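Visitor: First the structure, then my questions, so here it is.
In my numbering, the protein residues as written are 1 to 226.
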């Protein structure tokens, strides 16, 4: 039987950063470009950092160039650790137990698939001491759309392990975008209502499985190993 692969989102699925990521982006914008922060409404759930930053620049009148994007990103990486350290973030209930259960044997692959930049994604999971559960990841450095991220993740799996049956891949996330991107590669999806979307809102996206949270560890592991 093909080896099962589990691709986890980070924010709202594994952990709450206590707005550390958003605050670090705002600080990076202020420090790098000297702009006065405005009240803004930019959706973040389920989106890649590249897409979020593009909107953040536009909202504050900063013209997007690759040079500016790169300098902002580096500044963001430099300030994020302090916001994580001083913030109110936490691992979500049941996450450690789920990850421990999935990684106790060598017969399952556990990785990240997140809209975070690679560096900031690893910073977050490392800060909360769960980085050792993940042997690989696909990140939002180069993609605006999450479907593209999923396609890249599938390509990476194929390159690392040879042909991969998409029905042996589980995408685990807390937004409709996670459900949609799983469908883009023919994978199965477990939606968890620990982010900004309610159980009922996620139900309308028709995931393969849906849970309120990960607190019922045995049940979640049973779903993922079905």
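Even for Gly, the Cβ is constructed at its ideal location relative to N, Cα and C. Bear in mind that the values here come from a model prediction, so they are computed numbers and not experimental data.
Taking buried to mean at least 16 other C-beta atoms within 10 Å of its own C-beta, is residue 74 buried or exposed?
Guide: It counts as exposed.
Visitor: Quick one: what's residue 188 bridged to in DSSP?
Guide: DSSP, once it has assigned bridges, lists 170 as partnering residue 188.
Visitor: Compute the Euclidean distance between the alpha carbons of residue 135 and residue 111, then round it to the nearest angstrom.
Guide: The straight-line gap from Cα to Cα measures roughly 6 Å.
Visitor: Grab the span of the beta strand (DSSP E) containing residue 5 for me, first residue to last.
Guide: Per DSSP, residue 5 belongs to the beta strand (DSSP E) from 5-8.
Visitor: Given residue 132, which residues of its chain have a CB within under 6 Å of its CB, disregarding the five upstream and five downstream residues?
Guide: Closer than 6 Å at the Cβ level, and outside the excluded window around residue 132, lies no residue.
Visitor: By the three-class DSSP mapping on this structure, what secondary structure does residue 79 have?
Guide: Helix, per DSSP.
Visitor: Over the uninterrupted beta strand (DSSP E) stretch that includes residue 111, give me the two end residues.
Guide: It spans 109-113 - the beta strand (DSSP E) in which residue 111 sits, taken as one unbroken run.
Visitor: Is residue 215 helix, strand or coil by DSSP?
Guide: Residue 215 falls in the coil class under three-state DSSP.
Visitor: May I have the straight-line CA-CA distance separating residue 14 from residue 51, to the nearest angstrom?
Guide: Using only the alpha carbons, I get a separation of about 21 Å.
Visitor: Identify which residue in 157, 161, 194 has its Cα closest to the Cα of residue 185.
Guide: Looking at the Cα atoms, 157 is the closest of the given residues.
Visitor: Does the beta-carbon of residue 114 have 16 or more other beta-carbons within 10 angstroms, so that it is buried, or is it exposed?
Guide: Residue 114 is buried by the Cβ-count criterion.
Visitor: How far does the alpha helix (DSSP H) with residue 200 in it extend, from its first residue to its last?
Guide: Taken as a continuous stretch (DSSP letters only), the alpha helix (DSSP H) holding residue 200 covers 199-203.
Visitor: Determine the closest residue to residue 164 out of 139, 108, 193, 191, with distance taken between C-alpha atoms.
Guide: Ranking the options by Cα distance to residue 164, first place goes to 108.
Visitor: So residue 53 and residue 72 are in contact, right, with Cβ under 8 Å, and what is the actual spacing, rounded?
Guide: That pair is a contact at about 7 Å.
Visitor: According to DSSP, which residues form a beta bridge with residue 138?
Guide: DSSP output for residue 138 lists 113 as bridge partner(s).
Visitor: What residues in its chain sit with their C-beta under 7 Å from that of residue 59, if we drop five residues either side in the sequence?
Guide: Within the same chain, residue 59 has close Cβ partners 38, 40, 42.
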